[in-house]
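Each remark here refers to the structure printed beneath this line.
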Amino acid sequence: MNIFARIGRAVMTVLAHIGALALFTGKALAGIVSPPIYFRLILIQIMRIGYYSLPVVGLTAFFMGGVLALQIYLGGNRFGAEAIVPQVVVLGITRELGPVIAGLMIAGRVAAAIAAEIGTMKVTEQIDALTTLATNPIKYLVAPRIVAAVVSMPILTLIGDSIGVMGGYVVSVYSLDFNGSAYLKNTWDFAHNDDITSGLIKAAVFGFIVALMGCYNGFNSKGGAQGVGNATTYAVVSSSILILAADYVLTALLFHK
Amino acid sequence: MTTPKIQLIGVKKRFGSKVVLDGVDLTVEPRSSLVIIGGSGTGKSVTIKSILGIIRPDEGTILVDGEDITHINGAARDRVMKKFGMLFQGGALFDSLPVWENVAFGLIQGRGMARAKARDIAIEKLAKVGLTQDVAFLSPSELSGGMQKRVGLARAIAADPEIIFFDEPTTGLDPIMADIINDLIVSTVKDVGATALSITHDMTSARKISDKIAMLYGGKIIWQGPTSGIDHSGNPYVDQFIHGKAEGPIKMAVKA
């Protein structure tokens, strides 16, 4: 094939996907704000997306806080700055690692589950069946998941932040001989409200990305088992990339002086 | 002359470069039962999905009760959708919900009926298709294929639709269960006084459930007439199809 035709086709495919995603996002947002609003489904999704993600977010946050404390201690040791551990741990976790790690864990756990569930519904005509029963699939399937993810993620992140700081505390006090009460006082005095709220804003955006990419890829799955498998992969990969890209943009916006 | 229940005028649909519907003209009279026959991939499903608004045709007009529904959306679309019920080929039951909630779905979500009342109606509709009350609380995945079709049928008739669509109602069933489903289709359609539009390639089923048969080939309706006339249609395509012969004017595309 002609090289220009190849490039042209690739560009057109990318543009078509961006356009389709933009239209889907618009429909999803319209579905969230216009009645009927399915409160029961939102609560069910908060349980599935938020509550059942607590163990994985808590565990990763704990180890992340611990390893952060260890690395900063070892790094700071090179120029006699070991004492800065509590401050860097709380800053790193609340501003960056808390929301990003929670986001990536949710991308793996939730985006995959959403894409697989909606993808299977698509290939078994369950989504068409919703339409024939006078129910808008976007409102019934997409809106509750997005609302639930946007509500759940900041709460998960706040819990993850606390557990992460705890992880840093445990390693610092029991392995690196820090004074426990001094560690907590340094953490408490150093952290600003801005550090925490910026992380929670990021978390809400990441929740939106994860639910949106899960739903979008599920709705666009084609064929049978393989199509659903592909949709699941795309959902996880695309939401992970978008989380990291959005993280940079949000950091630039939130902390731009 | 009465207004046709459903009327398709010059409906065309293509996917990429593949023309699926190439000007379909079709009329379904009120309270009649029309079956569209045709080989796999001839656009039977696309025809039904176009009427349901799941697929938007590229050209042509679709009228329901004389109202042009080709391009309507939102609340107007919802109002028209309430006239429809559909039995899907694979059942398309919601596996996250128990059987009764599947049947009651259109009543609860589409019409805002109270759950307790909708459950009573669901159990009553399940009885109509020969399923007992204990089935109502099972999950769809616990049912056999024939039972899933029955639940799908109960769901299709739950909201007393004016028009019921049947997509390959007997595919994947043994001959006896297929006949039972055919009987149920005939009796339930009569019972709710509905208009029926079905697609199938099972001629036994087509003969049993239809008043009229139309054959779709090459994206067009190439023959239609009363069911009693199908054996002497004089159309070589129809003859080949109803007798299931490999030899004839219809050439099956062997490639995927």
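Protein chains in written order, with my numbering: chain A, 1 to 257; chain B, 1 to 256.
We put the beta carbon where it would ideally sit given N, CA and C, even for glycine.
{"Item": "Using alpha carbons as the reference points, say which of B/Gly110, B/Ile199 and B/Asp191 lies closest to B/Ser40.", "Value": "B/Ile199"}
{"Item": "Check B/Gly60 in the structure and name its three-state DSSP category.", "Value": "strand"}
{"Item": "Can you give me the Cβ contacts of B/Asp231 inside the same chain, cut-off strictly under 8 angstroms, excluding the 5 residues immediately before and after it?", "Value": "Ile242"}
{"Item": "According to DSSP, is B/Gly74 helix, strand or coil?", "Value": "helix"}
{"Item": "What is the C-beta distance between A/Gly168 and A/Ala61, in whole angstroms, given that I count them as a contact (C-beta under 8 angstroms)?", "Value": "Wrong, their Cβ atoms sit about 10 angstroms apart, outside the cutoff."}
{"Item": "Please state whether DSSP places B/Lys255 in a helix, a strand or coil.", "Value": "Note on B/Lys255: pLDDT 45, under 50, position unreliable in the model; the coordinate value appears next. Reduced to three states, the DSSP call for B/Lys255 is coil."}
{"Item": "In whole angstroms, what separates the C-alpha of A/Ala246 from that of A/Ile18?", "Value": "16 angstroms"}
{"Item": "To the nearest angstrom, report how far apart B/Ile72 and B/Gly110 are at their CA atoms.", "Value": "18 angstroms"}
{"Item": "Please report the residue range of the beta strand (DSSP E) in which A/Glu22 lies.", "Value": "In the sequence as presented, Glu is not what sits at residue 22 of chain A; that position holds Ala. Here A/Ala22 belongs to no beta strand (DSSP E); instead the alpha helix (DSSP H) covers Ile3 to Val33."}
{"Item": "Would DSSP call A/Gly212 helix, strand or coil?", "Value": "The sequence given here has Leu at residue 212 of chain A, not Gly. It is helical."}
{"Item": "Can B/Ile48 and B/Leu197 be called in contact, C-beta distance under 8 angstroms?", "Value": "yes"}
{"Item": "Tell me whether the region 87-99 of chain A and the region 57-67 of chain B touch, counting them as touching only if at least three CB pairs, one residue from each stretch, are closer than 8 angstroms.", "Value": "no"}
{"Item": "How about A/Ile93 and A/Ile84: do their beta carbons lie closer than 8 angstroms?", "Value": "no"}
{"Item": "Three Cβ pairs or more, each shorter than 8 angstroms: is that satisfied between the region 157-170 of chain B and the region 81-97 of chain B?", "Value": "yes"}
{"Item": "Counting C-beta neighbours from all protein chains within 10 Å, is the total for A/Ile7 16 or more, i.e. buried, or is it exposed?", "Value": "exposed"}
{"Item": "Would the C-beta of B/Ser198 count as close to the ligand ADP, meaning under 7 angstroms from any of its heavy atoms?", "Value": "Within the structure as shown, the ligand ADP is missing, as the structure has no ligands at all."}
{"Item": "Just the Cα atoms here: how many angstroms apart are A/Val237 and B/Tyr237?", "Value": "50 angstroms"}
{"Item": "Is there contact between the region 124-133 of chain A and the region 185-194 of chain A, where contact requires at least three CB pairs shorter than 8 angstroms?", "Value": "no"}
{"Item": "Taking the straight line between their C-alpha atoms, what separation do you get for B/Gly130 and A/Val249?", "Value": "60 angstroms"}
{"Item": "Please state whether DSSP places A/Leu68 in a helix, a strand or coil.", "Value": "helix"}
{"Item": "The beta strand (DSSP E) spanning A/Pro154 covers which residue range?", "Value": "Taken as a continuous stretch (DSSP letters only), A/Pro154 belongs to no beta strand (DSSP E), being part of the alpha helix (DSSP H) at Ala143 to Tyr174."}
{"Item": "Roughly how many whole angstroms lie between the Cα atoms of B/Ser96 and A/Val142?", "Value": "16 angstroms"}
{"Item": "Tell me, please, whether the CB atom of A/Tyr52 is closer than 8 angstroms to any CB atom in chain B?", "Value": "no"}
{"Item": "Leaving out five residues before and five after A/Glu82 in sequence, what residues of the same chain have Cβ atoms less than 6 angstroms from its Cβ?", "Value": "Tyr73 and Gly76"}
{"Item": "Whole angstroms are fine: how far does the CA of B/Thr170 sit from the CA of A/Ala111?", "Value": "36 angstroms"}
{"Item": "Measuring CB to CB, does A/Gly66 end up less than 8 angstroms from A/Val165?", "Value": "no"}
{"Item": "Since A/Leu29 meets chain B, which of its residues come closer than 8 angstroms, beta carbon to beta carbon?", "Value": "Here the premise fails: no neighbours, minimum Cβ distance about 16 angstroms."}
{"Item": "In terms of residues, what are the limits of the alpha helix (DSSP H) holding B/Ala127?", "Value": "Arg115 to Lys128"}
{"Item": "If contact means a Cβ-Cβ distance below 9 angstroms, which residues of the region 130-161 of chain A contact chain B?", "Value": "Leu130, Thr131, Thr132, Leu133, Ala134, Thr135, Asn136 and Tyr140"}
{"Item": "How is the beta strand (DSSP E) around B/Lys18 delimited, first residue to last?", "Value": "Lys18 to Val28"}
{"Item": "Taking 8 angstroms as the threshold (C-beta atoms), are B/Gly91 and B/Lys261 in contact?", "Value": "Outside the shown range of chain B (1 to 256) lies residue 261 of chain B, about which nothing can therefore be said."}
{"Item": "Rounded to a whole number of angstroms, what is the C-alpha to C-alpha distance between B/Gly10 and B/Leu26?", "Value": "9 angstroms"}
{"Item": "Which one or two residues does DSSP pair with A/Gly58 in a beta bridge?", "Value": "According to DSSP, which records beta bridges pairwise, A/Gly58 is partnered with nothing at all."}
{"Item": "So, is the C-beta of B/Asp134 closer than 8 angstroms to a C-beta in chain A?", "Value": "no"}
{"Item": "Can you tell me which of B/Lys5, B/Ser144 and B/Ile213 puts its alpha carbon nearest to the alpha carbon of B/Leu63?", "Value": "B/Lys5"}
{"Item": "Output the distance between the C-alpha atoms of B/Asp191 and B/Ala122, rounded to the nearest integer angstrom.", "Value": "16 angstroms"}
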